[in-house]
Each structure stands twice: as structure tokens, then as C-alpha cells.
Amino acid sequence: MATVVAQSHFIFGLRTGVRNNLCFVDEQTVVFPGGNSCVCFNTVQRCQRFIPGSENSQGMRALAISANRRYLAVAECGGNATVTVFDLQHEQGRKRKVLTAGDVLVQEFVCVAFSPDSKYLIGQTGGPDGTLVFWLWEKQKVLATVKTGNSVTQVSFSPHDNTRLCVSGFGVFKLLRYSEGALKQSRTAKVEAVNFLCHAWVTEERVIAGTDAGRLLVFESGNLRREINVATEAAQEQCDIRPVEMKKITDADVGEGPRITAILSYSKGFACSLGPGTVCLFEKSEEDGYRRSREIRIPAEPCSNELTSAECQEIHTMCINPAEETLAVSTDRGQLYSFSLSSVAFNKEEHFEFLSQSFHSQSITGLSVCIRKPLVATSSLDHSVRIWNYETKLLELSKEFQEEAHSVALHPTGLFILVGFSDKLRLMNLLIDDIRTIKEFTVRCCRECAFSHGGHMFAADNGNVIHLYSVTSFENILNLKGHNGKVRGIEWSLDDTRLVSCGMDGAVYEWNTQTGKRESESVLKSCSYTDVAFSSDCRTMLAVGTDLTLKEIQDCQVLREVPANGVAHTAVAVSHSGRVVFTGTSSGTVRAIKYPLPIQKEWITYQAHCGPVTKMVTTFDDQFLLTVSEDGCLLMWKVIDKEGRGLKSNRQIIHTEEILITKSDLEEKTQNMLELKMRLNELQMENEYQLRLKDMNYKEKMKELSDKFTQQIESLNTMLQAMKAEMDKQAHKHQESSAEATVKHSMELKDLEVSYSQKLIVEYERNQDLQHESQRMQEEYEKQLRAAEESKIQSLEQLTQLSEAKLQEKTQLLGQCQDDAQQQVREFKEMMRQVEEDEESKIHDIQIHYEQKLHTEKETNTNLKGETGVMTQKFHSLQRQVDDRCTDIKQLKQERQRLLGLVRSLESDIEDLKRQISGHEKTNQDKDQTISTSKKKNQELEKLKFVLDFQFSELKKQTEPQQDQINEKKEHIHQLEEQLLLTDKSNTQLTLSVSELGLRLRTRNQEMHKEMLKVKDLETHLQRLKSDLHECVSFIQDPRKLKESVQTIYTRYVPQTDEVKKSSDDEDVQRTVVRDHQVVITRLRTRLARSAEEHERAYVKIMREKGTLITEINELRKELHMARTQLRDQTAQLAALDRSDRFL
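Okay, so the sequence shown: first residue is 23 according to this note's numbering, each after it adds one.
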């Protein structure tokens, strides 16, 4: 097996024709089909993860993501279509289950959908017998199937019920329900002539569907309720909502509007596509309708032409991230766009942005890489040429033309590009933001073109002729003729002395580029070659074609042939290390074959594209393999060994960053830079002025705040003194009242002790009497228990004797009854025999009697039919009278109900009055209880009085030492204020010194800037000299041109040597001056930093001390407040005690 492995790294392209081909996995990751894989693309980190498709599949048809965004269902077509469920939480997208339609062979699944709980999966098959298949996918079990026809285009689950489904398509709109193991149709709207393109569930019962005639129809429970008119102007805030009658819906009466191809519901409403390149957002309104809130359009590409404008793209799929902040869409031309819903709409016109970058929308025909830059060029049938960067994974340049681009080739420097069109071959410059034509060559339908490795020549085919042109003089050097069919492949050797070509005529030719002669040839007329390549040492050639083999050719002979196992090779590429050969097949796969080629069939196959591989190439450092296909995708492969390391290359390639730019563009940019610099200087001056003003304002505010705080401190001190005087007065009053209260309480306590001692003696005597009575009652109870036990034993003995006697009597009676029953059975059988004989005779007589009676009944029946006609008329008249009577009865019943309501209301009023009366009685009882409780509380308050007196005395002792602390803090505050004034003065001096130093710095910076400009000029001068020397090296083989180029370089650069020396001396002097300035500046900056740090430290110290003082003052305030509240509570308690004493 090959020791070199290719690993999927990045893909540029989207596969169209897949239903629901864009889904959000999380806030930053989307899933979309690219080539023959599903790609998980992280939009922030710009990395991709690949989930490869099945080997035997013929392509994807539909995607679906579960509601919890964990599982991805991929529907693939083939001999027997399958639906594969992948686990997205696994790093490599682990395959969970593979589902089929059971015993029925199905070619494809048109669409699939997950249930809201992610347990069930629904799939719609294609073909004439379209069937809806309902799976319990984790068990791979088909629960139900139902035929729906071949016109269904979308199926979906209700987001609130995993058993309800909606099916829509051309002339179809059905609601189904899964119950009792089958899918049953619940509602069907008559929509025979309406083509439903999409639908979405908005609520549990409401579904909104879009048609190809531009109609938005609202269905509730399967019935059409109304239509949202989307043809109104964007300026209208409320969309027209028209009621629709419940009859057959057709588009005949409605004019053609914009096709509604996608609908997406979210929490605020829904979004739908209204024609090419337009998405409208509808939000819910108060009248149960919808209001058009925003309109988003796909912007026109600046490089596109009118024929393939981006605005004409039709939106196929829409999705929204879980946070409902980003809306992403995919179009029919394979483009991905996104829009941030959280952005505020400043302008009326809002536009999408590319989700990653723009892709090719049709088959890619050309592919080329260069040596000096990490660039890839592609051409496509969508009239565009694109330049990609395979290191940054970005699109560098893109341009669309009027004609189809059939081939492309990058110059080794990466500064020029060769593009083959149907009428001309164009050599163009790759500028910083454009691709501009330098020269046009009259080479029609150029399918293959390639630059030489030295970049001095290029080859281009014209039918069966290969033209060689000079890049410098644009002259046609040679014409290589020999092919009888169209040329399909061209490649240069490493030394550019040879060129190999292959064609549809089955010929592989090796040409000498100096003489134009064929050095070797290999012709196989039964094979039509599609691609050819040199081996890494350029000794052999590798060719692929329609004979399903890979051939290695040397010296007009086929050395080895590797069969392709029934699949045709379409492209070939050889690694520069010579270890591996890559081939692309017509089925879209890529094969890695060990080199030298093996005798047996040994290779590694990779799932790559969904169409034939058109071109493939390896980068010059052997790090990447690039493949393109008819599916419009560019796929990058990381080339590594089995241990995961990159291949080591013998060449050391250094990528340059030079770009081309025209003089006019450069002048415009320099002018813009100068204007921006002027604007920046003005803004800096304005900012400095604003900062100074702010400093002045802040200083004034600081002074005002300090004055306010000093005033507040003084007012608080006066308040403290007044509070102290009040406290002294209240303390004196409290002492007097407490002395009086203690005398009263002592007298009351003595009286209570005497009364309670007498009560205790009486209660003790009562307790002894009760104990004597309880002992006597216990003795009597024991005597009664003994007597009851003796009577119980006697009664049990009597009952047992009676029951035994009764048992004997019953057994005798049972024997007699059994004998009587046997005798009765014998008599009954005899009677039955006699009765049967009598009944047979009676039945014969009755049969004759009833036949006569039937004849008479038929005659009477005819007479009765005539009478019934008369009776029916009478019955109808009586029925009308009965209806009239019924209406009268209904009126009387209504009157009766009204009267009953009045009676009930009067009864409720009576009950309310009764409740009020009972409530008043309860309140009287509660008042009696409150009086008794208040008396008890009065006694408790008297006890608390003594405790409060003790606490008051302790608080008084605590407040005396705190007064001394307050005086000390006042003196400390006065000292800090003096320090603040000193720091303010030092700050003003420092600001003046800082402004002076800033002016010096600006002047030094200007001088430095001038010196740097001079250095840059010298560097550009050196770069020009290097580029001229590089051009001179290309003329090594031509001595005459080499001599001329050396003379021009000498005349151009030798006279300026003395000036360069002078400039170098000047540079040394300037460097010393700059160093001195920098030393001075650093010293000044250190001084500034030190002074600023000291100022900040002093300021922080002052602020901390201020904070501590403020906290202490606040604590003192709290203590004062607590003392006041305690005093108020004590005075209130004393007043309550006085009142209770008076009441007593």
C-alpha cells in the first residue's frame, strides 16, 4: 500500500440540488454538502470537518438536522436508496444508523425530516409511486408507510407533536397523523392546480405555505383560513391579509408573482424568500396577523456582469442559529450568505454578506499553482476566474467575463495569469484588487495552457496544434504539430527543455522546446487520453485515458500499466518527492498509488467529488493536493505520511508578498493616506483640548465636593452637641420615674406574694382529695372486669352446644333433598319427550294458518300505502305546529333561567348578610380576648422596665469615651485638608511639565518619521536592483542579451554609489542623534512616571483616610440613632405602664 496519505483539509464550493442543504449545528458551525461529503464549517475559526458519503452512493439528495442539533440525516440515492444518521457530537461524525425503505427497492429519497423529540424520522421517496416512510430510526424499524404520489417536495413534523406531519407539493397539501401503527390522513385541502414549493409550521395548528405564483397561504388545522398578500410596497407596515373561501384553490385568478421557494419560522414570526435574491421578515402583530418588518437582498458583485448578476439568484434553503441572531441562506448557484438579525437597520436597504466567500457555480475547467506564492487559480464555465490562497483559505481575487473560461495558468511568480477563452487567449496582470489584460493572442478555444517553470515561455493548444510564446516579447516561438485530435494535456519538464502532450487521438508526444522536434512518442488509437504528467525525475511519463488504465511511458514504450477496476481515470498528478501518484476518476474519487507503480492493484481510494475530476495538481512544497471537478468544487487535501507528518521536500520554497499595483491607484492611496493623517492630527489636537477642559472641570468639581463635605461635618458636630444635651435631660427624667416605679413595684410584689401563698395551700388540699377518689374508682373497675370474664366463658360453652345440634339436623335434610332432586330429573325428561311430540303437530297447523293470514295482509298492505300518503301530509303540518310549540317552550325556559338567576343572586345576598352578622359576633369575642391579653402584657412590661433601666445605664457609660475619639478625628481631618491643597499645587506644576515634554516628543517623532522615509527610499532602491539582477539571470543562455542587461544595470546604478556612501554616513550621524534623543526622552518619561506615582500614592492615602473617617462618622450616626430609638421605646413603655397603673 502507499505510504503517503491524503487527508481532506478544506473545500471551496457548495453542492446544489440537495434539499435543505444548509443547517446550523451551533452558534458558529454550519453543515452543508460539498463534493461527496458533508462539511462542518466553523465560521469563526475558519476550519472544516468532513463527513464522507457512502462509497457506492450516486450522490446526496437531502439533509435534515434534529431539533437538538445532535444528529444529521443524509439521504443518498443509488441501487437501493439509504438514509444515514450521523452523530455530530463525535469528532469525525460517527455513523449511527443506515435506514432503508424495508423490502421495497427505492431509487432516491426526495426529502427527510426529524421529529421534535429526535426519535422519529420521516422520508419521502421519489419515482412514480412516491411513498412516505416513517422510522423509529434508533432501532432501524419502519413503523408505517403511505403512498403520497410523485409530486411531493417537502415533508415536516409539527414542532409541538411528534405524531403530526405536513406534506406539500404540486397539487398536494395534506396533514397526516401517526396513530395505531399507521399514517392516517387528518385534513386535506383541495389544491389541485397549486404548486406548493415550501411550507413551515408557525404554531401548533398553523402552517404557512408558499407557491410558485408568489402566494402565501395560511392553513389552520389543515383548512385554508387566509392569504398574506406579499405584493404590497415595502413602505407599508401591515401586510394585506385576505380571507379565502373554503373551496378549490387555484392560481388561475392570481397573477404571476415572485416565486416563494423557502420559508423559515422563528420566535418572532417567519422569513420567506420573495423572488430572486430577496428575503422578507414578517413579525406577529396584535390582530393575529403578520407585519412585514425587514427586507434583505443579495448584493451585486462588483466584478460580475449583467448576464450573471448575483441579484438574480434564487434562494433554496434558509436556516437560523439557535440564538436567532444569524440568518444563513443558500442559493441555486451554489453560494452561501449570512445576515446578522441583531444589527439595527439604519438604512432601508439591507444586504447579505458571504458566509465564507463566493464559490464557482458551474464546472471548473482549469487549475494552476505558482512557485513564489501560495496561490491557486481556477477557471469555470460560469464565466469567472478566481484566485485562492491555500494557506489562509481565502479568496484573493475574482473576476467575471463575458465568455466562458476554458483554461488557466499561473506564472511562477504569481504576478501574471494566462486565461483561455472561446475567441482569444489573454495574458493578464494580477493586481491588488483586479485582473487586467496585458496582451491578447489569437488562439481560439484554448483548452490547455501552461507556463514554463522559468516563466519565460508558455504553451497553449489550438485544436491539435501547440503554440509556444515568449512572455517577454509575446512572439510565437514555435508551433508543435503532430496530433490528429484535440490536445487534452500539456506539461513542462523541470528544466523547461522538454514538453509532454497527450490528445484524444491516443498519442503521447515528448517535444524538444528548443528545436520543436519530437523526441519520443507513444500512440494507442483505441485509447483517448485525458491527462499526462512527468515523473518527479522527468525520465518517464504517466498518462490516463478511456482504456481504464494508468500507463507509465519511457522511450516510446509502455513500461507499466495499472488497471483501474472498471472506473476511468480522468486526471493525474505526481508528487515532487516522487513517492506517490494521485489520480482522479470519472466517479469523483481520488486514488493514491505508490510510486514506482505496483504490479498488483494497490491503492487508497478517497471520496472526493460528486462529478468527474477535471484537473488535479500538487503544490511545489508537496504539502497540498488540489482537485477540481464538474461539480464546481475546489478541494484541498493535506498530503501526509502514515505517521501524520508532512512530506519533506528537497526544494526550499520561500513565498513572497509582492503585489502589483498601478501608478494611478498608488497615487490615489497615498493621497488618501495624507488626508487621513491630516485628519488624525486634527483629531489628536481636538482630543487634547477636550482632555484639558475635562481636567479643569474635574478640579472644580473636586473643590465643590470638598467644600460640601466640610460644611456637612460642621453641621453634624452641632447636631451631636444638641443631641447630647437632650440625652442628659432625658436621663435625669428617666432616673426620677424609675425611682418612683421601683417603690410601687415593691409594694405590689409583696401583696402578690401573700395572695399566691394562700391560693397554693387551697390547691394542695384539693389535689389530695382527688387522689383518694381515683384510687377508689380503680378498685371498682377491677372488680367489674373479673365479673365480665366469667360471664363470657359461660356464654361460649352454651353456644358451642347449640351449633353442634343444628349441624346434625342440616346433614339429615341434605340427604333427603338429593333423593328428591334425582326423582324430579327423571320426571322432567319424560315430560320433555311428550311436549316435543305435541309441538310438532301444533307447528304444522300454525304454518297453514299463517300462510292464509299472509295473503290477507298483502291485500291490506296495498290499501294502507294509499292511506300513508295522506297521513304524511298530516304529519308535516303537525310537525310545523310542534316546531312552533318548541320555540315557545325555549322562550319560556330562557325566562325561567333568568328568574332562577335572580333568585340565586338574592340568595347569595342573604348569605353575605348572614356572614357579616357572624363576623360581627366573632369580632366582639376577639375584643374580649384582646383585653385579657393586654392585661397579661402589662405585667410583662413591668418586668422589662427593670432590664431597660440597666441597659440605659450601660449605654451612657459607652458614649462618654467616644466623644474624645470624635475630637481627635476632627483634628486629623484638618491636617488632611492642608495636605490636599499642597498636592493640588504639585499637580498643576506636573501638568505644565508634561505638556512641555509632549511638545518635545512630537518634534522628535517628526524628525524620526523623516529619517524613516529616507530609509524606506533606500530599501526600495535595493529591491529594484535585486529585481533587475533577477531578470538578468534569466538571460544566462543568451550572452548578448546578458551583456546588454548588465550594461544597463551598470549605467543605472553605478553613478549613484558615491551618493549612497554619503547617505550611509548621514544615516550614521542621524542614528546617533536619534539615540541621544531617545535617551533624553526615556529619562523624562521615567521622571514623569515617578512623579505621577508619588502623586497617586499621596492621593490614594488621602482618599483612604477620608473613607475611614466617613465610615467612623456613619457608625457614630448609627449609634446615635439606635440610642434615640431605645429612648423612645423606653419612654413609650413607661407611658404605657403609667396608663396601666391609672387604669388599675
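Beta carbons are placed, not taken as given, at the ideal position from N, Cα and C, and that holds for glycine. Owing to the predicted nature of the structure, the values given are computational and were not obtained by experimental measurement.
Spatial distance of residue i from residue j (CA atoms)
{"i": "ILE939", "j": "LYS958", "result": "30 angstroms"}
{"i": "PHE46", "j": "VAL96", "result": "15 angstroms"}
{"i": "MET463", "j": "GLY39", "result": "Just to set this straight, residue 463 is Phe in the shown sequence, not Met. Using only the alpha carbons, I get a separation of about 38 angstroms."}
{"i": "LEU546", "j": "LYS691", "result": "58 angstroms"}
{"i": "GLN308", "j": "LYS949", "result": "One detail in the question is off: residue 308 reads as Glu in this sequence, not Gln. Between GLU308 and LYS949, the C-alpha separation is close to 55 angstroms."}
{"i": "CYS549", "j": "PRO55", "result": "35 angstroms"}
{"i": "TYR312", "j": "PHE304", "result": "6 angstroms"}
{"i": "ALA1111", "j": "THR1104", "result": "10 angstroms"}
{"i": "VAL126", "j": "THR167", "result": "11 angstroms"}
{"i": "CYS1190", "j": "SER385", "result": "Residue 1190 is absent from the model: the chain starts at 23 and stops at 1166."}
{"i": "ALA827", "j": "CYS839", "result": "19 angstroms"}
{"i": "GLU202", "j": "GLU665", "result": "55 angstroms"}
{"i": "GLY837", "j": "PHE850", "result": "21 angstroms"}
{"i": "MET842", "j": "THR878", "result": "First, the amino acid is wrong: residue 842 is Asp here, not Met. Roughly 52 angstroms between the two C-alpha positions."}
{"i": "VAL857", "j": "GLU889", "result": "45 angstroms"}
{"i": "GLU267", "j": "LEU246", "result": "In this predicted model, GLU267 has a pLDDT of only 45, less than 50, meaning its place in the structure is not dependable; the value taken from the coordinates is given anyway. Each residue's Cα considered, the two are about 8 angstroms apart."}
{"i": "ALA1145", "j": "LEU742", "result": "13 angstroms"}
{"i": "GLN1059", "j": "THR1025", "result": "55 angstroms"}
{"i": "ARG355", "j": "LYS141", "result": "34 angstroms"}
{"i": "CYS204", "j": "LYS169", "result": "The residue you asked about is not Cys; residue 204 is Ala in the sequence shown. Their Cα atoms are separated by approximately 12 angstroms."}
{"i": "VAL26", "j": "ALA595", "result": "14 angstroms"}
Which listed residue (the options) has its alpha carbon closest to that of residue i
{"i": "ALA586", "options": "GLY567, ALA595 and ILE575", "result": "GLY567"}
{"i": "THR1147", "options": "VAL194, MET749, LEU656 and SER243", "result": "MET749"}
{"i": "ASP445", "options": "ALA431, GLU426 and PRO434", "result": "GLU426"}
{"i": "GLU583", "options": "ILE621, ASP553, THR955 and THR552", "result": "ILE621"}
{"i": "PHE32", "options": "ASN64, ASN43 and VAL26", "result": "ASN64"}
{"i": "ARG469", "options": "GLU736, HIS478, LEU437 and GLY511", "result": "GLY511"}
{"i": "SER76", "options": "ARG92, PHE108, VAL925 and ARG68", "result": "PHE108"}
{"i": "ALA630", "options": "SER59, MET526 and SER492", "result": "SER59"}
{"i": "SER1008", "options": "GLY279, GLU1118 and ALA482", "result": "GLU1118"}
{"i": "MET479", "options": "GLU497, ARG466 and ASN486", "result": "GLU497"}
{"i": "GLY35", "options": "ASP643, PHE381, ASN789 and ILE460", "result": "PHE381"}
{"i": "ASP1050", "options": "HIS1031, PHE423, ILE1071 and MET1030", "result": "ILE1071"}
{"i": "ASN43", "options": "GLN780, CYS341, SER390 and CYS392", "result": "CYS341"}
N-terminal and C-terminal residue of the alpha helix (DSSP H) that residue i is part of
{"i": "ILE1071", "result": "1061-1075"}
Endpoints, beta strand (DSSP E) assigned at residue i
{"i": "LEU521", "result": "520-525"}
{"i": "SER173", "result": "Note, SER173: premise wrong, no beta strand (DSSP E); not H, not E."}
{"i": "ALA630", "result": "That residue, ALA630, is in no beta strand (DSSP E); it is neither H nor E in DSSP."}
{"i": "ARG237", "result": "No beta strand (DSSP E) contains ARG237, which DSSP labels as neither H nor E."}
{"i": "LYS306", "result": "300-306"}
{"i": "ILE318", "result": "312-319"}
{"i": "GLY567", "result": "563-567"}
{"i": "ARG71", "result": "69-74"}
Cutoff 8 angstroms; reference residue i; Cβ partners in own chain excluding five residues on either side
{"i": "ILE1124", "result": "LEU998, GLN1001, LEU1002 and THR1005"}
{"i": "THR51", "result": "CYS62, PHE63, ASN64 and THR65"}
{"i": "LEU963", "result": "GLN1155, ALA1158, LEU1159 and SER1162"}
Own chain, CB closer than 6 angstroms to residue i, minus 5 neighbours either side, in chain order
{"i": "GLY299", "result": "ARG319, ILE320, GLU333 and GLN335"}
{"i": "GLY1020", "result": "none"}
{"i": "THR210", "result": "LYS196"}
{"i": "VAL128", "result": "ALA103 and THR147"}
{"i": "ILE681", "result": "ILE454"}
{"i": "ARG91", "result": "VAL47"}
Residues near residue i by beta carbon distance below 7 angstroms, same chain, minus five either side
{"i": "GLY193", "result": "SER173, VAL213, GLU214, ALA215 and VAL216"}
{"i": "HIS677", "result": "ARG394, LYS395 and PRO396"}
Report task. Taking 8 angstroms as the threshold, find out whether the segment 470-490 comes into contact with the segment 708-725 through three or more Cβ pairs. Result -> no
Query raised in the report: Are three or more beta carbon pairs between the segment 429-448 and the segment 657-664 nearer than 8 angstroms?
Result: no
**Report entry** Contact the segment 635-655 vs the segment 599-612: 3+ CB pairs below 8 angstroms
**Finding:** yes
**Report entry** At least 3 beta-carbon pairs within less than 8 angstroms: the segment 403-415 vs the segment 679-699
**Finding:** no
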